[in-house]
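Student: I'd like to ask you about the structure that follows.
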Amino acid sequence: MSHGASAAGGAVAKPTHGHHDEPYVPVFAAGSAPRAKLDDILSRYPTKQAGLLPALWIVQDERGWISEQVMKEVGDVLGLTAAYVKGVVTFYTMYHQHPVGKFFIQVCTTSCCNCMGAEDVVKAFLEKTGCGELGLTSADGKYTVIEVECLGACGFATPIMVNNDFIDSVSVEKVSEILRKYS
Amino acid sequence: MGYPYKSHPRETPILSKYFGDPEARTLEGWQARGGYRALPQALDTDPVAIQNIVKESGLRGRGGAGFPCGLKWSFMKIGDGKPHYLCCNADESEPGTFKDREIMRWTPHALIEGCAIAAHAIGAETCYIYIRGEFTEPIAIMEQALAEARAAGMIGANACGSGKTINMWVHRGAGAYICGEETALMNSIEGRRGNPRIKPPFPAVSGVFGMPTTVNNVETLTAVPHILNNGAEWYKAMCLGNPKSTGSKLFSVCGNVARPGNYEVVMGFSFKEFLYDLCGGPPPGRKFKAIIPGGSSVPVITIEEAEQVKMDYEGFMEFGTMLGSGGVIIFDDAQSMPKQLARLARFYAHESCAQCTQCREGTAWMTKILERIVAGHGTFEDLDTIFELTENMTGKTICVLSDSCGAPVTSGITRFRGEFEALITGRRSSTVAVG
Ligand SMILES: Cc1cc2nc3c(=O)[nH]c(=O)nc-3n(C[C@H](O)[C@H](O)[C@H](O)COP(=O)(O)O)c2cc1C
Ligand code: SF4
Ligand code: FES
């Protein structure tokens, strides 16, 4: 299966998270830590289906992205069809449907940040990571850069996310320093 | 303390008093600052009595619509034998708005106490705090505070020893502005795509899991313990403008301004003094030009209009705009309004859930036209088309995201028409020159 460039995935990414020919290793095997975590979360809701978003977060933390096989497994665990799970995965922008760079960089470019120079910050990231284009992963598999809509920290322009880290007040001058930290 | 700056003497820091103070984050630190005084008492009080105090205070929803909070709670039929739910809306994705983030980052226990009181007041045993997926730091802080509050018995099976159950959980979103719309939020909790639902039925009748539900914004809920501690009269007395707008309000200020950040003032405060004294005026060498005062979904006004506004629900309405979520976006004279409004339209096109044709097609079309104008390929007819399009996108869809796309754009064209026309005629003259 080929991974085309998309908002959530890189075209030249190295498949660092398992190869499709290898036998599928379930995330939620009985007795595993992710399973215990999910079971605990399920006790908070009156339906199993409500565990879907949390389950997908667990998957992404474990595997880095959400494959079709995982969608099927999640469906089996929660009593949902794989197609239904895919419908939910594709709705939310934060779930990766393709492998992404080791460091997934999201830069806010909505108006409040835009008028403070966010577009230059994006440019600097694209150049200095070697990604070149939005959504593409750098040749070394390290970085993927995307633009995102308002990150809810507009007074601290420009906020970015690197994987799960939220960094605010990023200017062009700070880009190199940030990339040194994530290398 | 305000944040990120020390609060201005003219602020009224009630919710923001401990912003920037990491010791306020712990249960112990919060109790030392007066926290968890209202909750035990509230749990011993009849829910309807609490609803009445909040009604009397005049507290209105801080999430955007300004609906009276106590009245909303009174729609929940106590003792109907059904499980009731409280959803705290911490999706905070409206461009310009970043106040709930600071409430959760600095004073997580203030929100927990507010949620627990509200849950009791609407007869709910379960509260979900729906936090946008990108807020990794606020999520971690809230989880930590909830664990502390549970361990200390403030919430849980026997909250504050009252014999009442109040369970409270964080539900993490996954990137979707639309999940801030209350019915989309409920779908998202249920493990569905975040599509808004057709109303009626309203959440108080059939909400999350089909059960009676109240959805409230973070800031609304955080105000509640203060109202119970100090009384409805105290809250009501905080009013410099219209008596229908009471209390203190957090305004997030961003864009081209000397001191961006969160400022808490009494309703009805002078917007002019707010902009120049509290926020420090424009950046050096620049002038304020345009302001979107209530998050990106409300009409844009000129600085001349803004300087006359009293900052309350009615005061903003007088100038054809809205208080909304209190996200003040400022553009100075170096900014191109067509460019910024085109970028906003792109936001709505990206965030449309695509259920309604008017919204799915309209937001995309709007973006295309505006980007064409910005690129210098627009026509005067394009401006007319935008107004026609907005009319077709307003009041016709399942939720108001569609309306929200047109509001800043058409108000922007009306007020800054010259900038649009310059781009259009610029194109014309170059065409003429080439021809
Ligand atoms: C498209 C859209 C996005 C919204 N986003 C938010 C949001 O991020 N946070 C919020 O509190 N309310 C948001 N709202 C308003 C909610 O639907 C709801 O009115 C509010 O949470 C009610 O709480 P309140 O009465 O305390 O204000 C949004 C509404 C719409 C139509
Ligand atoms: S108006 Fe737009 S966002 Fe709202 S329900 Fe319709 S398509 Fe979805
Ligand atoms: S517009 Fe960039 S964080 Fe809100």
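From first to last, the protein sequence lines are chains A and B.
In terms of the working numbering, the first sequence opens at residue 10 and continues consecutively.
In terms of the working numbering, the second sequence opens at residue 9 and continues consecutively.
Just so it is clear, CB atoms sit at the ideal spot from N, CA and C, and this is done for glycine as well.
Would you mind sorting T222(B) into buried or exposed? The rule is 16 or more other CB atoms within 10 Å of its CB.
Tutor: That one is buried.
Student: Buried or exposed: where does Q316(B) fall if 16 or more other Cβ atoms within 10 Å of its Cβ makes it buried?
Tutor: So Q316(B) counts as exposed.
Student: Using the three-state DSSP reduction, which class does C124(A) fall into: helix, strand or coil?
Tutor: Of the three classes helix, strand and coil, the one that applies to C124(A) here is coil, per DSSP.
Student: F112(A) CB to nearest chain B CB: under 8 Å?
Tutor: False, the Cβ-Cβ gap to chain B never drops below 8 Å.
Student: Do you know whose CA, among A32(B), E100(B), P116(B), E121(B), lies nearest L51(B)'s CA?
Tutor: Answer by Cα proximity: E121(B).
Student: Taking CB distances under 8 Å as the criterion, tell me whether Q363(B) reaches chain A.
Tutor: Output row for Q363(B): interface = no.
Student: Please tell me whether G150(A) and G110(A) are closer than 8 Å, where the distance is taken between their beta carbons.
Tutor: In contact: G150(A) and G110(A) (Cβ atoms closer than 8 Å).
Student: I'd like to know whether the C-beta of N264(B) is nearer than 8 Å to at least one C-beta of chain A.
Tutor: So yes, N264(B) belongs to the interface.
Student: Exposed or buried, which one is G19(A) when buried takes at least 16 other CB atoms within 10 Å?
Tutor: At G19(A), the pLDDT of 40 sits below 50, so the modelled position is not reliable; the number obtained from the coordinates is stated separately. Classification for G19(A): buried.
Student: To test your reading of the DSSP string, which unbroken alpha helix (DSSP H) runs of 4 or more residues are found completely within the region 138-191 of chain A?
Tutor: Fully enclosed alpha helix (DSSP H) runs of 4 or longer: 184-190.
Student: I'd like to know whether the C-beta of L286(B) is nearer than 8 Å to at least one C-beta of chain A.
Tutor: It does not: the Cβ of L286(B) has no partner Cβ on chain A nearer than 8 Å.
Student: Buried or exposed, going by whether 16 or more other CB atoms sit within 10 Å of the CB of S24(B)?
Tutor: The residue is buried, with at least 16 neighbouring Cβ atoms inside 10 Å.
Student: Tell me which same chain residues have a C-beta within less than 6 Å of the C-beta of K81(A), skipping the five on either side of it?
Tutor: Excluding residues within five positions, the ones whose Cβ falls inside 6 Å are A91.
Student: When every heavy atom of ligand 2 is checked, does at least one fall within less than 7 Å of the C-beta of T433(B)?
Tutor: Answer for T433(B): no, Cβ out of range of ligand 2.
Student: For a contact meaning CB atoms closer than 7 Å, what does Y104(A) contact in chain B?
Tutor: Here the neighbours are A182.
Student: Check whether the Cβ of V261(B) lies closer than 8 Å to any Cβ atom in chain A.
Tutor: Interface residue, yes.
Student: Please report the distance separating the alpha-carbon of S52(A) from that of K46(A).
Tutor: The alpha-carbon atoms of S52(A) and K46(A) are separated by roughly 10 Å.
Student: Residues of the region 94-114 of chain B in Cβ contact with chain A at a cutoff of 9 Å, in chain order, please.
Tutor: Within the region 94-114 of chain B, the qualifying residues are D99, E100, S101, E102, P103, G104, T105, F106, D108, R109.
Student: Check whether the Cβ of L51(A) lies closer than 8 Å to any Cβ atom in chain B.
Tutor: With 8 Å as the cut-off, L51(A) does not count as an interface residue toward chain B.
Student: Count the other C-beta atoms from every protein chain shown that fall within 10 angstroms of the C-beta of W81(B), then say buried if there are 16 or more, exposed otherwise.
Tutor: W81(B) comes out buried.
Student: For S185(A) and S120(A), I'd like the C-alpha separation in whole angstroms.
Tutor: Straight-line Cα distance between these residues: approximately 24 Å.
Student: Please identify the residue among F210(B), I174(B), I377(B) whose C-alpha is closest to the C-alpha of A165(B).
Tutor: It is I174(B) whose Cα lies nearest to the Cα of A165(B).
Student: What's the gap between the Cα of L236(B) and the Cα of Q343(B)?
Tutor: Between L236(B) and Q343(B), the C-alpha separation is close to 45 Å.
Student: Does the beta carbon of S196(B) come closer than 8 Å to any beta carbon on chain D?
Tutor: Considering every chain present, this structure includes no chain D. Its protein chains are A and B.
Student: Counting C-beta neighbours from all protein chains within 10 Å, is the total for F106(B) 16 or more, i.e. buried, or is it exposed?
Tutor: When all chains shown are included, F106(B) counts as buried.
Student: Which residue spans inside the region 154-224 of chain B form an unbroken beta strand (DSSP E) run of at least 3?
Tutor: Here the runs fully enclosed are 175-180.
Student: Could you name the residues of chain B that S180(A) contacts, counting a contact when the two beta carbons are closer than 9 Å?
Tutor: Near S180(A) there are no residues of chain B at all, since even the closest Cβ is about 14 Å away, more than 9 Å.
Student: Return helix, strand or coil for L331(B), following the three-state DSSP convention.
Tutor: Coil, per DSSP.
Student: Tell me whether I22(B) sits in a helix, a strand or coil according to DSSP, three-state version.
Tutor: The answer is coil: DSSP assigns I22(B) none of H, G, I, E or B.
Student: Hey, is M125(A)'s beta-carbon within less than 8 Å of any beta-carbon in chain B?
Tutor: Yes, contact with chain B.
Student: Can you name the residues of chain A whose CB is closer than 7 Å to the CB of E145(B)?
Tutor: Those are F175, listed as they occur along chain A.
Student: Assuming S256(B) and I22(B) form a contact by the criterion Cβ under 8 Å, report the distance between their Cβ atoms to the nearest whole angstrom.
Tutor: So it is a contact: roughly 5 Å between Cβ atoms.
Student: Could you tell me which residues DSSP pairs with H92(B) in its beta bridges?
Tutor: Partner(s): A132(B).
Student: What does Q108(A) reach in chain B if we use C-beta pairs closer than 8 Å?
Tutor: Gln is not the amino acid found at residue 108(A); the sequence shown has Pro there. Under the 8 Å cutoff, chain B gives no residues; its nearest Cβ is about 18 Å from P108(A).
Student: State the DSSP-derived secondary structure class of F113(A), mapped to helix, strand or coil.
Tutor: Correct three-state label for F113(A): strand.
Student: So, is the C-beta of T167(A) closer than 8 Å to a C-beta in chain B?
Tutor: Judged by the 8 Å Cβ criterion, T167(A) is not in contact with chain B.
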